[in-house]
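Under the numbering used here, the first residue of the sequence shown carries the number 143, and numbering increases by one thereafter. The block underneath contains the structure these notes are about, expressed in structure tokens.
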Amino acid sequence: MKLFLACKIEPSEQYLAVFSDLKHLLRHDKISWAEPNNAHLTLKFFGETPDYRAEKINKQLLKASQKLSPFSFAIHKIGAFGSTYQPKIIWFGVDEENIFKQVHQIIFEDLCKIGYYPDAGNFVPHLTIARISKTSDKKWFWKCIEKYQTDFIQKVVVNELFLFESNLTNENPTYRIIEKYPLT
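Below you can see the structure in the form of structure tokens.
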């Protein structure tokens with residue numbers, strides 16, 4: 143099983159409108175768009191995980207979730223990872239990075255006990271909305287991104303975290319909820 147911990151996002155009308163407009167504007171490029179009903183913000187990617195490790199992860203996430211209170215954040219920006227000449231990922235970003243740093247710290251207090259540590263780089267909270275194979279007109283691509291670069295997209299209230307299993311297919315990945323962790 144490929145597992146990851148995430149905040150599930152129920153897309154608002156504004157989210158869907160921005161997503162649809164970008165998809166339309168960039169329709170001539172080779173871009174694999176995420177399904178909006180699969181929207182999520184990943185907190186930790188565990189990767190391929192045997193059952194016995196999944197049980198340990200679940201136990202530690204149950205402990206961590208009891209230390210967390212519900213929180214909210216705004217999806218408030220858009221950008222792309224990769225270089226200006228070779229963008230790879232289109233993402234929606236958040237402003238409340240400090241909230242996620244606190245959540246991350248609490249989660250990893252328990253996950254470190256079973257050998258899972260924060261990734262080496264800085265944690266950048268974001269929602270991947272598309273993976274780019276090729277853009278034909280870089281100036282047009284960046285103009286489309288800049289159109290929504292600082293727009294408010296959606297407010298999200300997080301009352302629970304989810305452990306997902308990811309299944310990669312030739313089309314789009316599918317996600318199955320393995321466990322829910324209510325925040326108290």
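Ideal Cβ positions, reconstructed from N, Cα and C, are used throughout, including at glycine.
### Message
What does the alpha-carbon distance come out to for the pair Gln228 and Trp282?
### Response
For the purposes of this step, residue 228 is identified with residue 86 of the sequence shown, where counting begins at 1. For the purposes of this step, residue 282 is identified with residue 140 of the sequence shown, where counting begins at 1. If you take the alpha carbons of Gln228 and Trp282, they lie about 13 Å apart.
### Query
Using CA coordinates, which residue listed in Phe187, Ile217 and Gln202 is at the minimum distance from Leu262?
Numbered from 1 along the sequence shown, position 120 holds the residue referred to as residue 262. Residue 262 is actually Ala in this sequence, not Leu. Checking every option, the nearest Cα to that of Ala262 belongs to Phe187.
### Task
Report all residues from its chain with a CB closer than 8 Å to the CB of Val245; omit the five preceding and five following residues, and keep chain order.
Numbered from 1 along the sequence shown, position 103 holds the residue referred to as residue 245. Within the same chain, and ignoring the five residues on either side of Val245 in sequence, the residues whose Cβ sits closer than 8 Å to its Cβ are Leu185, Leu210 and Phe213.
### Task
Note the first and the last residue of the continuous alpha helix (DSSP H) segment covering His246.
To locate residue 246, count along the sequence shown from 1; it is residue 104. Start and end: Glu239 to Leu253.
### Query
Mind checking whether Ser162 and Arg273 have CB atoms under 8 Å apart?
Residue 162 sits at position 20 when you count from the first residue of the sequence shown. Residue 273 sits at position 131 when you count from the first residue of the sequence shown. No; because the gap between Cβ atoms is not below 8 Å, this pair is not in contact.
### Query
How big is the Cα-Cα spacing for Lys144 and Asn240?
As a position in the sequence shown, residue 144 is number 2, starting the count at 1. As a position in the sequence shown, residue 240 is number 98, starting the count at 1. Looking at the two C-alpha atoms, the distance is approximately 28 Å.
### Message
Using only CA atoms, which one of Thr191, Trp233 and Glu238 lies nearest to Trp284?
### Response
Here the question's residue 284 lines up with position 142 in the sequence shown. Of Thr191, Trp233 and Glu238, the residue nearest in Cα terms is Trp233.
### Message
I'd like the span of the beta strand (DSSP E) that includes Ile319, first residue to last.
### Response
Here residue 319 refers to the residue found at position 177 of the sequence shown. Thr316 to Pro324 is the span of the beta strand (DSSP E), which, as asked, contains Ile319.
#### Entry: Inter-residue Cα distance where the pair is Ile199 and Pro260
Translated into positions along the sequence shown, residue 199 becomes position 57. Translated into positions along the sequence shown, residue 260 becomes position 118. The straight-line gap from Cα to Cα measures roughly 14 Å.
### Message
Less than 6 Å between C-beta atoms, sequence neighbours within five positions excluded: which residues of the same chain meet that for Pro315?
### Response
Position 173 of the sequence shown, counted from the start, is the residue given in the question as residue 315. Only Ser308 meet the Cβ criterion.
### Task
Please name the residue, chosen from Gly189, Ile217, Ser207 and Lys205, that lies closest to Glu152 on a Cα-to-Cα basis.
Here residue 152 corresponds to residue number 10 of the sequence shown, with the count starting at 1. Measuring from the Cα of Glu152, the nearest candidate turns out to be Ile217.
### Query
Can you tell me whether DSSP reads Glu152 as helix, strand or coil?
As a first step, residue 152 is located in the sequence shown; it is residue number 10 there, counting from the start. The answer is coil: DSSP assigns Glu152 none of H, G, I, E or B.
#### Entry: Start and end residues, beta strand (DSSP E) containing Arg273
Walking along the sequence shown from the start, residue 273 turns up at place 131. DSSP places Arg273 inside the beta strand (DSSP E), whose first and last residues are His268 to Lys276.
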